[in-house]
Structure formats: structure tokens, C-alpha cells
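Each remark here refers to the structure printed beneath this line.
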Amino acid sequence: MLVERTLVLLYFAACIGIGIAASRRVRGSGDEYWVAGRRVGTWVNAMAIMATLASGGSIIGVMGLAYSQGIPATLALFAGAVVGFPLASLLVARELRNFGRYTITDFLAFRYPSQIVRTLVPILIVVAFTIYIVAQLKAAGITAETLLGIPFEYALTLATLVFVIYVSFGGMVAVTWTDVFQGVLMLVVVLGTGLWFLWEVGTPIELMRRATAAAPELGQVEHRPVASYLGYFAIWATAIPVIPHIVMRVFTARDAHGARLSLNLAMLAYSALILAAVFLIVPVGKLAFPDLADADQVFLKVMQSKFPAAVRGMAVAAVLAAVMSTTDALLLACSSSISHDLLGNVLREKASQRTIDAVRVGTAWGIGLLALYWAYSPPELISQFYTAGVGLLSGSLFVPVIAGLWWKKANRIGGVLALVTGALTYVLVHFQILPFGLAPILVSVAASALAMAAGGLLGPPESREMIVAIEKLHAQ
Amino acid sequence: MLKSFFPMDRDEAFALAFLVAFSVFSFLPLWRSQELAGMAVFGWLMAALMVLSPALALFVFGRRGRLRKC
Chain S
813 MLVERTLVLL YFAACIGIGI AASRRVRGSG DEYWVAGRRV GTWVNAMAIM ATLASGGSII
873 GVMGLAYSQG IPATLALFAG AVVGFPLASL LVARELRNFG RYTITDFLAF RYPSQIVRTL
933 VPILIVVAFT IYIVAQLKAA GITAETLLGI PFEYALTLAT LVFVIYVSFG GMVAVTWTDV
993 FQGVLMLVVV LGTGLWFLWE VGTPIELMRR ATAAAPELGQ VEHRPVASYL GYFAIWATAI
1053 PVIPHIVMRV FTARDAHGAR LSLNLAMLAY SALILAAVFL IVPVGKLAFP DLADADQVFL
1113 KVMQSKFPAA VRGMAVAAVL AAVMSTTDAL LLACSSSISH DLLGNVLREK ASQRTIDAVR
1173 VGTAWGIGLL ALYWAYSPPE LISQFYTAGV GLLSGSLFVP VIAGLWWKKA NRIGGVLALV
1233 TGALTYVLVH FQILPFGLAP ILVSVAASAL AMAAGGLLGP PESREMIVAI EKLHAQ
Chain R
890 MLKSFFPMDR DEAFALAFLV AFSVFSFLPL WRSQELAGMA VFGWLMAALM VLSPALALFV
950 FGRRGRLRKC
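Protein sequence lines correspond, in order, to chains S and R. If you're matching positions, the first sequence starts at 813 in my numbering and goes up one per residue. If you're matching positions, the second sequence starts at 890 in my numbering and goes up one per residue.
Given below as C-alpha cells:
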């Protein structure tokens, strides 16, 4: 355990070091703190985006799911997020980058000027993302407890303190550089492991052939309709173009073209990570450990049985990196929702720069510690809740954002109606108060689109000034 | 009808339509039972979608970038 623990401590120290270095650059500047000065290059941004999307679920979860439910079902769940990025690059990236502010709330409040939008959007973000953070923290705690032999509470507290320190003091600059570091670590460990097995066996087809001969269920779709996977696919495909911690990455790009390229380069790397995990590592795990009671252990078991301590230590650090690279971006998005979206106007008018800096840091610590407190005894179904939280965001934000950018008849009434209807419908269908027999995301997006159409067609037409402003966002 | 929308570049509109059509095609129920190399065709289609969708978007934006430089 000594080698593994030392490597993880070195990793933590590197993250804090990056945070301290970044804090000097971001102090006193909103542009630097929230969007890294809008000068993050395409390749750096791509790696940071990949790391932001790749949470603990993208290493431990994806392999556990493929092991227990088969590769096709697993790919259906993860393909939604991958498709979401090209959609984001085609539908929102250029326009939001040209808009040039900090958050998705900034755009919605500009497009649909209303107190409801200014208040409801950040509240939805904070609620959904706090649940998401707790789920990620739980994954970090379990991983460290299993692999390092550290008690769950200690592991949780240590990991939380590390990322709260670098997010709160270093803002987006620290998040970007730690994400790049974490993304490289994840790719090296997962692709390196996959390529090692490929070298041993010969070809992925041969590996798959052996694994599916021994365990045919690995290649089969579970006995439920393919359409039942459509809900998860749709949640992530519609969430990515509007979900705040990804949209903030669009704002950090040097220009609109760079933002579009980085989103798709990130997805090529992410797809390589997921495909290596399910096609190269899971078959080895299935052959070596065919009867695991806890499928999520498959990656850890493979690492423990096939590699020396130094590689295992890197694997633990890679899993923690996956968790932290997502959690840090979520924390920054939550923090911006409170200190920029909700309190921003008051602070800009009445507070000194020193107070604004203190509020930013304090908000990140407040949310981080609240999530930590909750994560000490997380609800059992937290993993399902976080997917529902992401669904709530996409159900409420997708239509207002896309229509606001592309439909000339989208107006303030339509935007507010679409936002509120999407959020309400998602909650009602998810908790089966409105039993529809369809995935909540499909119902809520449809309801939100109907509300937008009703408001746009029946309400007053949008002003000429607003149409011209949106036309400018579409400019090359 | 189309006048109600802000115009989209033709290549980008094609890429968007392709992504939506490929996604719908992949979710057709018949791919569940068909197998190829030990795995349901549905799984291969999902894997192809994960590679093709960002590659197509990169191709479209790369082409636009080159045209812009010319």
C-alpha cells in the first residue's frame, strides 16, 4: 500500500501546487477566475473538456456496467454524451463564445429578460450539481477505501479539501490545468492498460471472440427493448449543449472556431477511453474473474492481478483524477451560479474587489463543505439522483437555449414558459405524479418545446434589436 | 417557415441531420437480435456513432477553417 499511497499523495500535492500557482493570476479578475482569460488553446481545452466529462463513472462505472449488463447497453448510455458534443458544437458553441460572458444564465437572462429566469436557472443548477458532486465524492471515498485501505470518511475529506482548495483559489485557470493533468493520467492508465492486453492477445476481435465465447452475455443486449436505453441517451445528448460546467469551457476558448474544434477533439479522446475500457479491459476481466459479486470491482481486480504496485498506484490516482476533474468543474459552475448569477448585480454595485474575491472563495468552500457533509452518509440511490439532476437541467434548459439561438419567434414569454414547463414536467414525470410510460426527458423536452411554441406564436413578437443581436452571435 | 429560423451553413445542417438520422437508425429494435463477431449490431452501431459523430463534426469545421484561410 505504501507505493500506492505515496503516488496518490504526490498527485494531490501536484493539484494543490497548480491551484496556488493559478491563484496569483486570477486574483482581482472575473475574466481570469471564471473563464481563464478566454485564451485557452484548442488542445488544452480539448483535454480539459475530456477530463471534465470523464467522471468516476467513466472508468469504474463503465467497466462495471459492461461486465454486468453487456457492452451494447453500456455503449448506448455513454454514446448520448458523445453525440451531445457535436450537437453542442453545431448548435451553441460559436454563438455562446461570440456572446462572450461567463455562464449559461447570463445568456438566458439576456435572451429572456425576467426575474424568473435570473433566479430559477441558478437554483436549478445548484440543486442538480450539488447532488452530482455528492455522487462523485461517494465514488472517490469508496475507491480510496478499497484500494488504499483508508477509512471512507478520511478519504472523502482529503479528496474534497484538495479540490476545494484549488478551485476556490485558482478558479478556472486551476481547473483547466488540473483537468489537463488529470485527463492525461486517465488516458495513459486506461489506454496503456488496454494496449498492453492488446499486445498480449493480438487483436481486439480475438479478445472479444474469446470473451464472448466464454460469456456470450457480454455482447448481447439485455432482455428489454432497445428503446428503454433511449432515455439515458437523450438525457446526455440534450444536456451537453446546455449543461453549465461544459458550456463554461466554450467561454474559455480563444475563439468560436477553437471552441468547436476542442469540443470534438475531446470526444475523440473520450471515445477512445470508453472503447478501450469496454473492448480491451472488460473482456480480460470477464475471462479472469467471471463471477464477481460487485461488477464495479472489475477494473480494480484486473489492475491488482496483472500489474505491479507502481502501476496500481497510478490506476488509483487515475480514478481519483476522473472523479476530481468532474467535481472541480461542477463546483466552479455551482459557485458561479451563486456568486455571479444570483449575487453578481449586488456585488458589482456595492462591493469592493476584495469582497468579490472573498465571496467567490467563500461560496466554493460553502458548497464543497455542504456536499462533503452530505457525502458522509449519502442516500443509497444517489447515483440515480444525479442522472435525474442532469435530466432536470436538460429538460428545462435545452429548448430555451436552442430556440433562443435559432428561432426568430422565440420571445420572453415563450422562454419563461419553456423553462418552467420543462422543469415542472420533468419532476412530475420522474416521480410518477404524471405517469406517462416514457422517459421523463423525452416528455419534458416535448412539453418545453410546446410551451415555447405557444409563447412564441401567441405572445408579442421579439424586438428588432434582439433579432439583430442574435444575428451577430451567428456571425463567423 | 424556414424564414422563422436563423440560417445554418449547409454543411453543418447536413452534419446535424446525419447525426440525428444515424442515432434514430441505431435505436431501431431490429439491431438488438442481429449479431456480428459475438456482439449485437446495436452495440457496433453505438461504437461507430461514438467515433463518427465527433469525426464528422471535425471534418466539417476543418473544411470551413481551410476555406476561411483561402
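All C-beta atoms, glycine included, are put in the ideal place defined by N, C-alpha and C.
Legend entry - Residues that S/V852 bridges to, as DSSP identifies them: S/A1065
Inset, instruction - Find out if the Cβ-Cβ distance for the pair S/V904, S/P1053 is shorter than 9 Å. - result: yes
Legend entry - Residues that S/E1277 contacts on chain R, provided the C-beta gap is smaller than 9 Å: Going along chain R, no residue has its Cβ under 9 Å from S/E1277, so there is no contact; the nearest lies around 15 Å.
Inset, instruction - With DSSP as the reference, label S/A1251 as helix, strand or coil. - result: coil
Legend entry - Rounded straight-line distance, which links the Cα of S/G1097 to that of S/A1025: 14 Å
Inset, instruction - Specify whether the segment 948–961 of chain S and the segment 860–874 of chain S touch according to this definition: at least 3 beta carbon pairs, one from each stretch, less than 8 Å apart. - result: yes
Inset, instruction - Express the C-alpha separation of S/G1268 and S/K1221 in angstroms, rounding to a whole number. - result: 5 Å
Inset, instruction - Compare the C-beta of R/F914 against all C-beta atoms of chain S and say whether one is closer than 9 Å. - result: no
Legend entry - Alpha carbon of R/A902 to alpha carbon of S/I1279, nearest angstrom: Approximately 21 Å, taken between the alpha carbons.
Legend entry - Residue range of the alpha helix (DSSP H) that includes S/H1152: Per DSSP, S/H1152 belongs to no alpha helix (DSSP H) and is neither H nor E.
Inset, instruction - Specify the secondary structure class of S/L1204 as computed by DSSP and reduced to three states. - result: helix
Legend entry - Residues from the segment 1206–1229 of chain S in contact with chain R, defined by Cβ distance under 8 Å: Cβ contacts with chain R come from L1217, W1218, W1219, K1220 and K1221.
Legend entry - For R/A929, the residue or residues it bridges with in DSSP: R/E924
Inset, instruction - On a CA-only basis, which of S/Y879, S/Q927, S/I962 and S/W1219 is nearest S/F1101? Give me that one, please. - result: For S/F1101, the closest C-alpha among the options S/Y879, S/Q927, S/I962 and S/W1219 is that of S/Y879.
Legend entry - Counted within 10 angstroms of its Cβ, other Cβ atoms place S/D918 as buried (16 or more) or exposed: buried
Legend entry - Cβ pair count under 8 Å reaching 3, the segment 1201–1220 of chain S against the segment 1049–1069 of chain S: Verdict: yes, contact present.
Inset, instruction - Since I believe S/Y1041 is in contact with S/A885 (beta carbons under 8 Å), could you give me their beta-carbon distance rounded to a whole number of angstroms? - result: 6 Å
Legend entry - Within chain S, the residues that R/F931 reaches when beta carbons sit closer than 8 Å: Ordered by position in chain S, the residues that pass the 8 Å Cβ test against R/F931 are P884, A888, V1033 and V1038.
Inset, instruction - Answer yes or no: does any C-beta atom of chain S fall closer than 9 Å to that of R/A946? - result: Yes, contact with chain S.
Inset, instruction - Starting from the beta carbon of S/A891, find every residue of chain R whose beta carbon is closer than 7 Å, and list them in chain order. - result: M935, L938 and M939
Legend entry - Neighbour flag for R/M926 against chain S, beta carbons, 9 Å: With the sequence shown as reference, residue 926 of chain R is identified as Ala, and Met is not the correct amino acid for it. Yes, R/A926 counts as interfacial toward chain S.
Inset, instruction - Starting from the C-beta of S/A967, find all residues in its chain whose C-beta is less than 6 Å away, skip the five residues before and the five after it, and write them out in chain order. - result: So the qualifying residues of the chain are G953, A956 and E957.
Legend entry - Contacts that S/M1020 makes with chain R (C-beta to C-beta distance below 9 Å): A926, G927 and M928
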